[in-house]
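The block underneath contains the structure these notes are about, expressed in structure tokens.
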Amino acid sequence: MTTAKPDAGEVRTLAPEGVAGRFRATFGGAPRVYRAPGRVNLIGEHTDYNDGFVLPAAIDLAAFVAAAPRDDRVLRVAAADLGRHAELALDAASEPQPARDWSDYAFGVALELERAGHRLRGADLLVTSAVPVGAGMSSSAAFEVAVALALLDLAGIALDPVAVARLCQAAENRFVGTRCGIMDQFASCRGRAGHALFLDCRSLDVREVPVPSDLAIVVCDSGVSHALADGAYNERRAACEEAVRILGRGRPEIRALRDVGEDELERRRGELSEVVWRRCRHVVRENARVVDAVRALDTGDRNRLGALLRASHESLRSDYEVSCVELDLLVEAASGRDGVVGSRLMGGGFGGSTINLVRPDAVPEVEGELRDAYRKRCGRDLGVHVCRVGDGAGRVL
Ligand code: GLA
Numbered sequence: 263m264t265t266a267k268p269d270a271g272e273v274r275t276l277a278p279e280g281v282a283g284r285f286r287a288t289f290g291g292a293p294r295v296y297r298a299p300g301r302v303n304l305i306g307e308h309t310d311y312n313d314g315f316v317l318p319a320a321i322d323l324a325a326f327v328a329a330a331p332r333d334d335r336v337l338r339v340a341a342a343d344l345g346r347h348a349e350l351a352l353d354a355a356s357e358p359q360p361a362r363d364w365s366d367y368a369f370g371v372a373l374e375l376e377r378a379g380h381r382l383r384g385a386d387l388l389v390t391s392a393v394p395v396g397a398g399m400s401s402s403a404a405f406e407v408a409v410a411l412a413l414l415d416l417a418g419i420a421l422d423p424v425a426v427a428r429l430c431q432a433a434e435n436r437f438v439g440t441r442c443g444i445m446d447q448f449a450s451c452r453g454r455a456g457h458a459l460f461l462d463c464r465s466l467d468v469r470e471v472p473v474p475s476d477l478a479i480v481v482c483d484s485g486v487s488h489a490l491a492d493g494a495y496n497e498r499r500a501a502c503e504e505a506v507r508i509l510g511r512g513r514p515e516i517r518a519l520r521d522v523g524e525d526e527l528e529r530r531r532g533e534l535s536e537v538v539w540r541r542c543r544h545v546v547r548e549n550a551r552v553v554d555a556v557r558a559l560d561t562g563d564r565n566r567l568g569a570l571l572r573a574s575h576e577s578l579r580s581d582y583e584v585s586c587v588e589l590d591l592l593v594e595a596a597s598g599r600d601g602v603v604g605s606r607l608m609g610g611g612f613g614g615s616t617i618n619l620v621r622p623d624a625v626p627e628v629e630g631e632l633r634d635a636y637r638k639r640c641g642r643d644l645g646v647h648v649c650r651v652g653d654g655a656g657r658v659l
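Below, the structure written as structure tokens:
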């Protein structure tokens, strides 16, 4: 089952002054403004929660939070794009429960910060975002990180970007209930203009890899999000954990799929169910592909890079089973076209977007052809974002 998103592809440009103006109109007073970007991921999907490798980059689409302190310990949040408000008393007698809506991202972050021992001030916050929702570009992480920066700064607390990323991930795991890895929050906090982040999700060691300026990043938003995506995501993670439990019986130093090589996986195939074995094969091979892709970027080997993206998509489709008809069609339509280096589904899957690496001069033609193909074959409009690789989150006013 699929649901259409009304705003697929629509992008609004946001300026800090404009966001501050909306705050003034809502709450009055002069706010500070914080910005946290969404991300793309060149390669390395469903590897982060397996202690593996990823290669994301922060982009120029971001969430903004305008915020001012209050004298009490109440948080009031206005979601400007939705026309909704929510409130949380940090000293409430009973433990706050998730509302199962947008406000969970904001309050989950606040509760996680307090849980970690950071005493917050009450605040009025206005949030607005240009990161498309449900497009696999980390709109949730951008929202969480912008809120975290605002709450920490208003309370006079300085934390390094990695600590902020960890706390936001914990908020999403615990309060929102998605057992995501650290990639999205890390990229939003730590992004660097013009660079992808080759991240080791176990040690959190990072190497900044230049993204060549003659490689355009074109994200194609299918505009569909498949119901049950969150449940299926958690299920994939559970399958990986089951494999680690079983494989760890023979070799206790296996703490995550990161510690398993392809040879060992092949040798011990009989210990796992067929489905769990295929999930593992994706993760193990995808980790190797990330390392290879970094090498291909370093050496300027476009053919190799393209082949790795293609193999990643194929593996996500058949071994990890997180693709869908629309994404397969988009990858098919892009592959082999003049000017397209590579194409694959991006993010958690089950709808959302594909990432396409394209020669800049070919972008208009490729974009036109993909739009036409998508309209003809799926009967809906494609959202297309040509993303610039930008800096990570910070205060902007
Ligand atoms: C989502 C999660 C990330 C990561 C990707 C898949 O974006 O938030 O942590 O697992 O899916 O690579």
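Quick note: the sequence shown uses our numbering, first residue 263, plus one each step.
We treat Cβ as the ideally placed atom computed from N, Cα and C, and that holds for glycine.
Computed from a prediction, not measured in an experiment: that's the story for all the values here.
Buried or exposed for residue i, please, with buried defined as at least 16 other CB atoms from any protein chain shown within 10 angstroms of its CB.
i, result
"E279", "exposed"
"T275", "exposed"
"N565", "exposed"
"L527", "buried"
"A277", "exposed"
"G493", "exposed"
"G654", "buried"
"S400", "buried"
"L644", "buried"
"H308", "buried"
"L589", "buried"
"G641", "exposed"
"L509", "buried"
"G532", "exposed"
"A287", "exposed"
"G630", "exposed"
"G652", "buried"
"A378", "exposed"
"L387", "buried"
"R551", "buried"
"L344", "exposed"
Going by beta carbon distance, what residues of the same chain come within less than 6 Å of residue i, once the five residues before and after it are set aside?
i, result
"P293", "A282, F285, A328, A329, A330"
"R650", "D322"
"V426", "A410, C451"
"A341", "W364, V389"
"A501", "V538, R541"
"Y311", "G443, R499"
"A417", "L382, R383"
"R633", "L644"
"D269", "Residue confidence is low: D269 scores 43 on pLDDT, short of 50, so the model does not pin down where it sits. No coordinate-derived value is stated."
"V395", "S401"
"E524", "V546"
Using a Cβ-Cβ cut-off of 7 Å (strictly less than) and excluding sequence neighbours within five positions of residue i, which residues of its own chain qualify?
i, result
"P472", "G456, H457"
"S577", "H544, R547, E548"
"A404", "A298, P299, G300, A324, A325, S391, V393, S450"
"A555", "L304, I305, L317, L567, L570"
First and last residue of the alpha helix (DSSP H) that includes residue i?
i, result
"V628", "625-640"
"T288", "278-289"
"D415", "401-416"
"S450", "445-452"
"L429", "423-433"
Kindly indicate which residue of the options has the alpha-carbon position closest to the one of residue i.
i, options, result
"F315", "L519, V537, L567", "L519"
"S615", "G601, D623, V646", "V646"
"A298", "E629, I305, T390", "T390"
"R661", "R381, A501, A320, Y311", "It is not possible to answer for residue 661, since the shown part of the chain is limited to 263 through 659."
"A354", "H308, V295, D590, L337", "L337"
"L429", "R637, G384, H347, F369", "F369"
"P423", "G453, A397, L413", "G453"
"R498", "V537, L589, L388", "V537"
"E671", "A433, L607, H488, Y636", "Not covered by the structure: residue 671. The range shown for the chain is 263 to 659."
"S402", "M445, L414, D310, L477", "M445"
"V481", "A635, Q359, V593", "V593"
"V407", "L466, L421, E583", "L421"
"G656", "R517, A320, R529", "A320"
"G562", "E504, D476, D333", "D476"
Here's a check: name, in chain order, each residue in its chain whose Cβ is nearer than 8 Å to the Cβ of residue i, leaving out the five neighbours to either side.
i, result
"E601", "The question names Glu, but residue 601 in the sequence shown is Gly. Excluding residues within five positions, the ones whose Cβ falls inside 8 Å are V620, R621, D623, A624, V625, E627, V628."
"V553", "F315"
"L466", "V424, I444, F448"
"E255", "Only positions 263 to 659 of the chain appear in this structure, which leaves residue 255 out of reach."
"E376", "L352, L382"
Please check if any C-beta of chain B sits within less than 8 Å of the C-beta of residue i.
i, result
"D590", "Of the protein chains in this structure there is only one, and it is not chain B."
So the beta strand (DSSP E) residue i belongs to, where does it begin and stop?
i, result
"H647", "645-649"
"A397", "Careful: A397 lies outside any beta strand (DSSP E) and carries neither H nor E."
"I617", "613-620"
"G300", "294-303"
"D462", "457-462"
"S605", "602-608"
Going along the chain, which unbroken runs of the beta strand (DSSP E) with 3 or more residues stay wholly within the stretch 468-548?
-> Within the stretch 468-548, the complete beta strand (DSSP E) runs of at least 3 residues are 468-472, 478-488.
Could you pull out every unbroken alpha helix (DSSP H) segment of at least 4 residues lying fully inside the stretch 544-595, listed in chain order?
-> 564-580, all fully within the stretch 544-595.
Which parts of the stretch 329-385 are runs of the alpha helix (DSSP H), unbroken and 4 residues or longer, counting only runs that do not cross its ends?
-> The stretch 329-385 contains these whole alpha helix (DSSP H) runs: 365-377.
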